[in-house]
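Each residue of the sequence shown is one higher than the last, beginning at -15 in our numbering. These notes are about the structure you will find just below.
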Amino acid sequence: MTSMIRRRISVMVIVSTLLVGACGGSDDTDADTSSTQFTLLPTTTTTTPPSTTSSTTSTTSTTTTSTTTTTTTIEAPPTTAANPAIEELLLSGEGIGTAGFGADADGVVEYVGSYLGAPANDTGWIDPLTVGICDGAEHRRVSWGVLTLIFGDVSPVVQGRRHFFGYTYGDAGEIGGEPVGLKTTRDVQLGSRVVDVAAAYPAATFNPEDDFTPPFFYVNDSLRGFLTGVEDEATVTAILGGTDCGF
């Protein structure tokens, strides 16, 4: 027993001595220092493929359609300008155009002259008895071709001052004389037929020729006219407006 214990102690001493010699100390400068070499483990290199960006380029193709518009100009046939005298100087039982019976004489002459120009004839103020059976002390006639305006100082319209009171348009001896085309407010003019007058003025009467007067139509005391006859196709030769004095 004792011998076994001794052997164990001997073994322990030997082991201890070996351990000290193997480890050495910090002051053991003469010890043969072995270089420790590290074996690098093989590393796995993971290669990441480059990121590929897929770029889609959208190309828009614009198609431009060119439209050519061809304009065709159609020229209207030339038209004849309306005669302002015909449009404005309408004949009626109240006067001519805007010149009513009773209006100042000089003003009416100037008004009609603005459309027809200077009158062809002007009697000036004369004695009424030199032209017919007319009332008053003064009488005057101003003419533009076959249109004559009648003035005086006394009429059924006005008393005591110079004024416009009648007109005649047309002359059986000058068919087609200037001014041509004047008409009544209902489109009756020189050359209109009796049937046309009857349609325009349903109340008009038509009187045949007698010993003193040629055929005539009568609308009222202020509007009447002469005819070539009283049958439907007979025509108007003169239109008279206002007071019947001297004609």
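We put the CB at the ideal spot given by N, CA and C, even for glycine.
Here Pro112 is buried: its Cβ has 16 or more other Cβ atoms, across all protein chains shown, within 10 Å. A straight line joining the alpha-carbon of Gly160 with that of Ala182 spans about 22 Å. Residue burial is scored here from C-beta neighbours: Phe201 has at least 16 other C-beta atoms within 10 angstroms and is therefore classed as buried. Ser76 carries a strand assignment under DSSP once its states are collapsed to helix, strand and coil. Per DSSP, the continuous alpha helix (DSSP H) segment holding Ser98 begins and ends at 89 to 100. In this structure Thr219 is not in contact with Ala156, their Cβ atoms being roughly 11 Å apart against a cut-off of 8 Å.
Here Thr107 has Arg124, Arg125 as same chain residues with Cβ atoms under 7 Å from its own Cβ, once five neighbours each way along the sequence are excluded. A check of alpha carbon separations from Val142 across Ala87, Val93, Gly154 identifies Ala87 as the nearest. Nearest to Gly154 by alpha-carbon distance, out of Asp171, Gly175, Phe148, Gly136, is Gly175. Pairwise C-beta distances place the region 94 to 107 out of contact with the region 164 to 178, as fewer than three of them are shorter than 8 Å.
Taking C-beta separations shorter than 7 Å and ignoring five residues to either side along the sequence, the partners of Asp137 in its chain run Gly120, Ala121, Glu122, Gly144, Arg145, Arg146, following chain order. Within the same chain, Arg170, Val203 come within 7 Å of Tyr185 by CB-CB distance, once the 5 residues on both sides are set aside. Residue burial is scored here from C-beta neighbours: Ile223 has at least 16 other C-beta atoms within 10 angstroms and is therefore classed as buried.
Note that the C-beta distance between Gly165 and Cys229 is not below 9 Å.
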